[in-house]
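*Asks:* Chain order of the listed sequences is A and B. Just so we're aligned, residue 1 is where the first sequence starts under UniProt numbering, counting upward by one. Just so we're aligned, residue 1 is where the second sequence starts under UniProt numbering, counting upward by one. Backbone N, C-alpha and C define an ideal beta-carbon position, used for all residues, glycine too. Below is a structure I'd like to ask you about.
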Amino acid sequence: MSVIKISDLRYAFGHGETQQTVLHGITADFTQGEITIIAGPSGSGKTTLLKLVAGLRTIQEGSIEIDGQRIETAKQRELVAVRRNIGFIFQSHHLISSLSVVQNVMMPLTFDSKMTPGKARQRALDILGEVDLSDHVHKRPEQLSGGQKQRVAIARALVHQPAIILADEPTASLDGPTGREIVSHLQRLSKEFGNTIVMVTHDNRILDVADRLVTLVDGKLSDHAPTLGEDF
Amino acid sequence: MSLINKLVPLGIPLAWLNLVKEKKRFFAAVAGIIFAVTMMLYQMGLKTAMFTQVVFPHLMLNGDIVIVNPQYEYFGISRGFTEKRLNQAFALPEVEDVAPLYLVNLPIKNPDTLVNRDIFIIGFDPANKPFDDPAIEAQQGMLKIPGNALFDERSHAKFGPIVERLEDGTVTTETNGRATEIVGSFEMGTTFAADGNLLVGKQTFFEIFPGQDPNLAAVGLIMLKEGSDAEKVAETLRAKLPHDVKIMTRAEFIDNEKRYWGERTPIGFVISASMTVAIIVGAVIVYQILYTDVTDHLEEYATLKSIGFKDSYFISLILQESIILSVFGFIPGAALTAGLYYVTRRVAYMPTEFQWDNAGIVLGLTIVMCMLAGALATRKLRHANPADIF
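See below:
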């Protein structure tokens, strides 16, 4: 079943002579429970595509449907509802510096009106256990390593069990082994929870976790599968 | 969802945690609000004290209606009016009694230093009862003897240890170069027009102020019979008496004094201007602190926005920070002001008292000031597009 449906999506930055088109009529479907990696070199439009899917940028041409909701025609209230069904993992973790690890992970649970503080805390502690951070739950983000922060970001993205996880270069700021560990956590938990993952990266060392691999080069998407040794 | 859960979802006090994370900045913000609160509350206290102080004599006077010269400004400077008008008023069936007062500022000699200082002298006929004060009533008989006077215990210290000396008997001094025997005391209080008060009988008044026309009174008090309508009698007097006098009810007389000091002198303006400056300074400080807070946390807030938090959550967050700052600034600010009131009472003889209604107004103003500053600070956040921030 298609969870994300993209049709003839075009996007350009700037106006007039300085206009630069980054996405040239992209059409793609992303299926439920599947991990899709969108690979491609820097500047190819991967992050822009992800932000359009998340409803963080305004669609200029084409359309995107998330779980049947058209993004380009959605009202602000509907966009908020779409965003709440998406777990976003950023290149930089963007954790709330004044909150502890467990409080950071609890934040997305505030959308659930039936959630009590006790239940939310327990759920956050459970998922922090899944990413091996049980010993760090009371620490502040500044007390964690880069890899630990990114694991907290994964826990935060997954804690409210969203249908879709969008990950924007989640290993970009990490060393090889740590990046690998992060992606493994993401792969294992998404299989456990049945999330649809769309991950953009130019780190070809993690491509093997994908169920489906597509490339975005010069604003065009293709099902070309790069090999592990291929460099973007 | 309860209000508490809306303000502090899942018991995570993000507003509080954001504020106390940067302790130096938090204390700087609180210090700014303490300053603003202290300025506002102190100025309000001064204003309240001023309005209380300027009508100290008025509140001690009997009289439902007051007659003065049409050019009367305040209780201190007063051109006289002919006492005939009081006698004409006495002819009305509603009038129980009348009492003229004679007012002047003249020097009295400090019995210790022998330095002359101006004191406010109120002369009256001891046969009348112009004062609603048991201490004065009990002693005013002594004022029938020429040269006798009663001294205000709440006068400025510059007049010397007269009150202390009265414990051992009468105090001999000079008023405007005439021998004066201070035979007793009463409590009235200083005003902007008087650092001290002296009560004398009519005969003594004209002895120490010989240039004054004895047929002219400064203030005429009209006491009405029980059940009389002061407004109606005042109207009747306005219609019947010539226009060489001004008729006021007791309330109008008091209001006139407050209005004079509040509006027609720079004091009221200065106090109001100081309060406005305090509010602006406080608002600017709070705005800068909250704006810096929003800027510093912009990426974090944008992250929350991108995962589904609404603008209303952030507005609530910043407004919560505003209220926290208000309360944390208000409490020490109010305590500091109470201390300043004490010093002012001791040094400036002003009746500055901590008043809960003033404190409530200042707390309200502080919260409004902080919330306005907070609302301005959230503009940047509301216009922030998460996609532009990451």
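1) Are the CB atoms of A/Val102 and A/Leu144 nearer to each other than 8 Å?
2) I believe A/Ile26 touches A/Gln187 by the beta-carbon criterion, under 8 Å. Please report the beta-carbon distance rounded to the nearest angstrom.
3) Measuring straight from C-alpha to C-alpha, what distance separates A/Glu230 and B/Trp16?
4) Answer with buried or exposed for B/Asn148, where buried requires no fewer than 16 other C-beta atoms within 10 angstroms of its C-beta.
5) Distance cutoff 8 Å, beta carbons only. Does A/Ser97 sit that close to anything in chain D?
6) Anything in the stretch 311-325 of chain B with a Cβ closer than 7 Å to a Cβ of chain A? List those residues in chain order, please.
7) Counting only beta-carbon atoms, is B/Gly11 nearer than 8 Å to chain A?
8) Mind checking which residues open and close the beta strand (DSSP E) that includes B/Phe314?
9) Under the assumption that A/Val200 contacts A/Leu50 (Cβ atoms under 8 Å), give the Cβ distance between them as a whole number of angstroms.
10) Is any beta-carbon of chain B found at less than 8 Å from that of A/Val214?
11) Please determine if the stretch 102-121 of chain A and the stretch 331-345 of chain B are in contact, where contact requires at least 3 C-beta pairs separated by less than 8 Å.
12) Between the C-alpha atoms of B/Asp383 and A/Arg123, what's the straight-line distance to the nearest angstrom?
13) Using a Cβ-Cβ cut-off of 7 Å (strictly less than) and excluding sequence neighbours within five positions of B/Gly268, which residues of its own chain qualify?
14) Does any residue of chain A have a CB that is nearer than 8 Å to the CB of B/Asn18?
15) Considering just the uninterrupted stretch of the beta strand (DSSP E) at B/Ser185, what are its terminal residues?
16) If I measure Cβ to Cβ from residue 397 of chain B and keep anything under 8 Å in the same chain, skipping five residues before and after, which residues do I get?
17) Taking only three categories from DSSP, how would you classify A/His160?
18) For A/Asp29, list the residues DSSP reports as bridge partners.
19) When the Cα atoms are used, what is the spatial distance from A/Phe88 to A/Ile96?
20) Opposite B/Ala223 in the DSSP bridges: which residues?
21) Pick helix, strand or coil for B/Tyr42, following the three-state DSSP scheme.
22) Are there 16 or more other CB atoms within 10 angstroms of the CB of A/Phe13, so buried, or fewer, so exposed?
23) What does A/Val80 reach in chain B if we use C-beta pairs closer than 7 Å?
24) Could you give the distance in angstroms between the alpha-carbon of B/Asp133 and the alpha-carbon of B/Pro107?
25) Which residues in the same chain as B/Tyr342 place their Cβ atom closer than 6 Å to its Cβ, once the five residues preceding and following it in sequence are excluded?
26) Would B/Gly189 and B/Phe56 be called neighbours here (beta carbons separated by less than 8 Å)?
27) With 8 Å as the threshold, decide whether the Cβ of A/Met106 is near any Cβ in chain B.
28) Is A/Gly55 closer than 8 Å to A/Phe28 when the C-beta atoms are compared?
29) Pull up the DSSP beta-bridge partners for B/Pro107, would you.
30) Which chain A residues are close to B/Lys21, counting only those with a beta carbon under 9 Å from its beta carbon?
31) A/Arg212 lies in the beta strand (DSSP E); which residues open and close that run?
32) Report the residue from B/Ile323, B/Thr38, B/Tyr287, B/Asn256 whose alpha carbon sits nearest the alpha carbon of B/Phe51.
33) How is the beta strand (DSSP E) around B/Val20 delimited, first residue to last?
34) Given this structure, state the Cα-to-Cα distance separating B/Met60 from B/Arg345, to the nearest angstrom.
35) Under 8 Å: do the stretch 102-119 of chain B and the stretch 194-210 of chain B share three or more Cβ pairs, one atom per stretch?
36) Any chance you could list the alpha helix (DSSP H) runs of at least 4 consecutive residues sitting entirely within the stretch 25-102 of chain A, in chain order?
*Replies:* Let me spell this out:
1) Within the first sequence, the letter at position 102 stands for residue 102 of chain A. Within the first sequence, the letter at position 144 stands for residue 144 of chain A. No, they are not a contact pair.
2) Locating residue 26 of chain A in the first sequence gives position 26, counting from the first residue. Locating residue 187 of chain A in the first sequence gives position 187, counting from the first residue. About 25 Å separates the two Cβ atoms, so there is no contact after all.
3) Start at 1 with the first residue of the first sequence, and residue 230 of chain A comes out as number 230. Start at 1 with the first residue of the second sequence, and residue 16 of chain B comes out as number 16. Note on A/Glu230: pLDDT 49, under 50, position unreliable in the model; no value is reported.
4) Sequence index remark: in the second sequence, residue 148 of chain B carries index 148 (1-based). Burial call: buried.
5) The structure shown contains no chain D; its protein chains are A and B.
6) For the stretch 311-325 of chain B, which is checked against every Cβ of chain A, not one residue is closer than 7 Å.
7) Within the second sequence, numbered from 1, the residue matching residue 11 of chain B stands at position 11. Using a CB distance cut-off of 8 Å, B/Gly11 counts as an interface residue toward chain A.
8) Along the second sequence, one-based indexing puts residue 314 of chain B at 314. No beta strand (DSSP E) contains B/Phe314, which is instead part of the alpha helix (DSSP H) from 311-348.
9) Along the first sequence, one-based indexing puts residue 200 of chain A at 200. Along the first sequence, one-based indexing puts residue 50 of chain A at 50. About 5 Å separates the two Cβ atoms, so the contact holds.
10) Numbered from its first residue, the first sequence carries residue 214 of chain A at position 214. Chain B, which has no Cβ nearer than 8 Å to the Cβ of A/Val214, makes this no.
11) no
12) Start at 1 with the first residue of the second sequence, and residue 383 of chain B comes out as number 383. Start at 1 with the first residue of the first sequence, and residue 123 of chain A comes out as number 123. One detail in the question is off: residue 383 of chain B reads as His in this sequence, not Asp. For the pair B/His383 and A/Arg123, the Cα-to-Cα distance works out to about 33 Å.
13) On the second sequence, position 268 is the one that residue 268 of chain B refers to. Same-chain partners within the cutoff: Trp261, Gly262.
14) To locate residue 18 of chain B, count along the second sequence from 1; it is residue 18. Interface residue, yes.
15) Residue numbering aside, residue 185 of chain B sits at position 185 when the second sequence is read from its first letter. That run of the beta strand (DSSP E) goes 178-186.
16) Beyond the ends of chain B as shown, which are 1 and 390, falls residue 397 of chain B; an answer cannot be given.
17) Here residue 160 of chain A refers to the residue found at position 160 of the first sequence. Residue state, collapsed to three classes: coil.
18) Mapped onto the first sequence, residue 29 of chain A falls at position 29. Looking at the DSSP assignment, A/Asp29 forms a beta bridge with A/Lys5.
19) If you number the first sequence from 1, residue 88 of chain A lands on position 88. If you number the first sequence from 1, residue 96 of chain A lands on position 96. Rounded to whole angstroms, the gap between the alpha carbons of A/Phe88 and A/Ile96 is 14 Å.
20) Locating residue 223 of chain B in the second sequence gives position 223, counting from the first residue. Note that residue 223 of chain B is Met in the sequence shown here, rather than Ala. Per DSSP, B/Asp97.
21) As a first step, residue 42 of chain B must be located in the second sequence, where it is residue number 42. DSSP places B/Tyr42 in the helix class (H, G or I) of the three-state scheme.
22) Within the first sequence, the letter at position 13 stands for residue 13 of chain A. By the neighbour-count rule (16 or more Cβ atoms within 10 Å), A/Phe13 is not buried but exposed.
23) As a first step, residue 80 of chain A is located in the first sequence; it is residue number 80 there, counting from the start. Within 7 Å Cβ-Cβ: Gly308, Lys310.
24) Sequence index remark: in the second sequence, residue 133 of chain B carries index 133 (1-based). Sequence index remark: in the second sequence, residue 107 of chain B carries index 107 (1-based). Rounded to whole angstroms, B/Asp133 to B/Pro107 spans 25 Å at the Cα level.
25) Looking up residue 342 of chain B in the second sequence gives position 342. So no residue of the chain qualifies.
26) Counted from its first residue, the second sequence places residue 189 of chain B at position 189. Counted from its first residue, the second sequence places residue 56 of chain B at position 56. Result yes, Cβ atoms of B/Gly189 and B/Phe56 sit closer than 8 Å.
27) For this step, residue 106 of chain A is matched to residue 106 along the first sequence. True, the Cβ-Cβ gap to chain B drops below 8 Å.
28) As a first step, residue 28 of chain A must be located in the first sequence, where it is residue number 28. As a first step, residue 55 of chain A must be located in the first sequence, where it is residue number 55. One detail in the question is off: residue 28 of chain A reads as Ala in this sequence, not Phe. Cβ atoms of A/Ala28 and A/Gly55: not closer than 8 Å.
29) Start at 1 with the first residue of the second sequence, and residue 107 of chain B comes out as number 107. DSSP lists B/Asp118 as partners of B/Pro107.
30) For the purposes of this step, residue 21 of chain B is taken as residue 21 along the second sequence, with counting starting at 1. Per Cβ cutoff of 9 Å: Ser97, Ser98, Arg140.
31) The residue you call residue 212 of chain A lines up with position 212 of the first sequence. 212-217 is the extent of the beta strand (DSSP E) around A/Arg212.
32) Walking along the second sequence from the start, residue 51 of chain B turns up at place 51. When only C-alpha atoms are compared, the closest one is B/Asn256.
33) Counting from 1 along the second sequence, the entry for residue 20 of chain B is found at position 20. Where B/Val20 is concerned, there is no enclosing beta strand (DSSP E), although the alpha helix (DSSP H) it sits in stretches over 14-21.
34) Taking the second sequence and counting its residues from 1, one reaches residue 60 of chain B at position 60. Taking the second sequence and counting its residues from 1, one reaches residue 345 of chain B at position 345. Computed Cα separation, rounded: 21 Å.
35) yes
36) 46-53, 76-84
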